[in-house]
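Numbering (the working numbering), first residue to last: 1 to 417.
Report on the following structure.
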Amino acid sequence: MDMRALSKELKGIQRSQRGYAKIFRGPYGVCNGTIYKDRVRNFEVQDGKVVVGERTIPNIWLRDNCQCSSCMHDATKQRLLDTFSIPKDIAIKSHTIGQNVLKVEWSDGHSSEYTRPFLSHATRSAEFRAILRQGLTPIKLWDSSIASEAPTENYAQTSEGDVAQILKNIRKYGFCYVDGTPFDDPAATEFLLKRIAFIRETHYGGFYDFTADLASKDTAYTNIALEAHTDNTYFSDPAGLQAFHLLSHTDGEGGASLLVDGFKVAEEMSRTDRKAYEILSTVNVHAHASGNEGISIQPYRSFPVFEHDTATGDLLRVRWNSSDRASIELPIDEVEIWYDAARKFDALLKKKENEYWEQLTPGRVLIFDNWRVLHGRSKFTGKRRICGGYINRDDWMSKYKMAEFGPKTVLGTLASS
Ligand SMILES: [Fe+2]
Ligand SMILES: [Zn+2]
């Protein structure tokens with residue numbers, strides 16, 4: 001094998017992938033509904049290939065993504081076709097172009113139909129295609145002034161409708177209150193969360209209902225103040241949503257809740273100190289949860305504080321928890337650069353204008369995006385009873401996307417998103 005030719009070829013592939021991996025362009029910029037609503041483009045067939053704009057669709061991809069019910073299961077949208085039974089030289093034998101559809105007779109004897117939106121979407125840029133996959137919609141960055149217009153919905157006993165609106169708020173602001181939730185019984189809160197998706201089990205349990213004590217060996221269960229942080233930095237896949245409901249607070253005071261928009265603070269940092277932003281976006285940090293007997297949970301790899309989507313270059317997740325931080329993935333004599341950058345982020349998180357404080361009251365459930373919004377609380381006295389739980393990112397996004405974009409759109413772009 002000619003290793004030099006191979007290395008040249010691989011470098012070419014890496015170059016075209018780099019076009020997609022703009023991981024330094026963050027933070028959030030692409031989440032724009034107007035891009036999604038862009039017009040559907042026309043296609044044509046030239047020299048036996050389907051062409052949309054400057055992009056030519058390889059026949060193998062087109063044949064592999066035939067949408068007919070013998071190639072793709074109608075209900076599950078799973079591929080039934082054996083991809084590798086398609087001849088390598090699969091060709092378009094003949095075609096007809098209808099109103100909004102391309103009909104193809106293939107050289108292997110199969111016939112396929114592709115709609116114009118399907119062909120158009122497949123040839124879009126990586127950024128564009130990521131919009132549906134990630135459920136991107138315009139988001140609103142906020143600071144402490146959100147206090148006067150905090151997104152709030154009312155608890156509904158049964159309907160599904162309010163869940164769509166709650167998730168829409170969470171996608172836009174990173175959090176939503178649900179007022180009027182019964183607080184005499186934690187079951188109402190559990191019912192609300194389960195309407196979004198199943199509640200995630202962790203080593204602490206699933207849906208919880210506790211009164212401050214140290215039974216679970218984590219500072220969250222004490223009465224001390226907690227600085228703004230994200231949960232589950234010790235998991236490879238931190239929980240997507242977290243919910244709290246203060247059911248009662250007796251014989252004491254304090255315990256205000258703190259929320260900080262991590263994306264807003266990251267955006268501020270990317271403008272004011274680009275170098276620090278890039279250090280926090282590239283230096284990986286380890287984390288752990290080891291308070292329970294016989295358990296030491298650590299992610300399968302270390303992650304940076306700011307993680308970006310490789311297709312869009314947009315900020316995707318903030319991981320920040322100083323208590324649970326383990327080692328920094330740098331040679332020991334270089335770790336100061338991380339500390340310097342982290343100190344700057346910490347100072348921005350603690351800026352008065354970035355801190356939104358709210359005294360939660362029984363009946364008001366707080367649900368927030370743990371990949372974006374940091375939470376904390378002030379110390380308190382007395383007895384507090386709190387219930388809540390976690391929901392996985394993939395599960396709440398699934399619910400959100402189906403409600404926001406509709407099954408037809410979401411399922412119609414699986415092959416091209
Ligand atoms: Fe927490
Ligand atoms: Zn087919």
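Note that the Cβ used here is the ideal one computed from N, Cα and C, for glycine as well.
No experiment lies behind these values; they were computed from the predicted model shown.
Per the coordinates, the alpha-carbon of Ala150 lies some 17 Å from the alpha-carbon of Pro362. Contact holds between the segment 388 to 397 and the segment 236 to 249, because three or more Cβ pairs, one in each stretch, are under 8 Å apart. Rounded to the nearest whole angstrom, the CA to CA distance from Ile196 to Ile391 is 8 Å. As the crow flies, the alpha-carbon of Asp64 is around 31 Å from that of Asp237.
The beta carbon of Phe207 lies closer than 6 Å to those of Glu190, Ile199 and Gly389 in the same chain, with the five residues before and after it left out.
A distance below 7 Å between beta-carbons, with the five flanking residues on each side excluded, links Phe380 to the following residues of its chain, in chain order: Asn223, Gly252, Glu253, Gly254 and Gly255. Collapsing the DSSP output to three states places Tyr300 in coil.
Per the Cβ contact rule, the segment 138 to 157 is not in contact with the segment 115 to 124 (fewer than 3 Cβ pairs under 8 Å). Spatial neighbours of Leu247 in its own chain (CB-CB distance under 7 Å, excluding positions within 5 residues in sequence) are listed in chain order as Phe183, Pro186, Pro362, Arg385, Ile386 and Cys387. Here the distance from the Cβ of Ser107 to the nearest heavy atom of ligand 2 is not below 7 Å.
Put simply, the segment 327 to 342 touches the segment 277 to 294. At least three CB pairs are less than 8 Å apart.
Ranking Pro117, Gly174, Ser112 and Val365 by CA distance to the CA of Ile90 puts Ser112 first. Per DSSP, Asp162 is one residue of the alpha helix (DSSP H) stretching across Gly161 to Tyr173. In the displayed model, Asn154 falls within a strand according to three-state DSSP.
By the Cβ rule, the segment 85 to 104 does not count as touching the segment 265 to 276, because fewer than three pairs are nearer than 8 Å. The three-state secondary structure of Leu6, taken from DSSP, is helix.
Residues of the same chain with a CB within less than 7 Å of the CB of Ala228, apart from the 5 flanking positions on each side, are Leu258, Val260, Leu349, Leu374, His375 and Gly376 in chain order.
Looking at the DSSP output, Lys49 shares a beta bridge with Gln46.
Residue burial annotation: Met269 is buried, with at least 16 other C-beta atoms found within 10 angstroms of its C-beta.
In the assembly as shown, Glu353 is an exposed residue. Its beta-carbon has fewer than 16 other beta-carbons within 10 Å.
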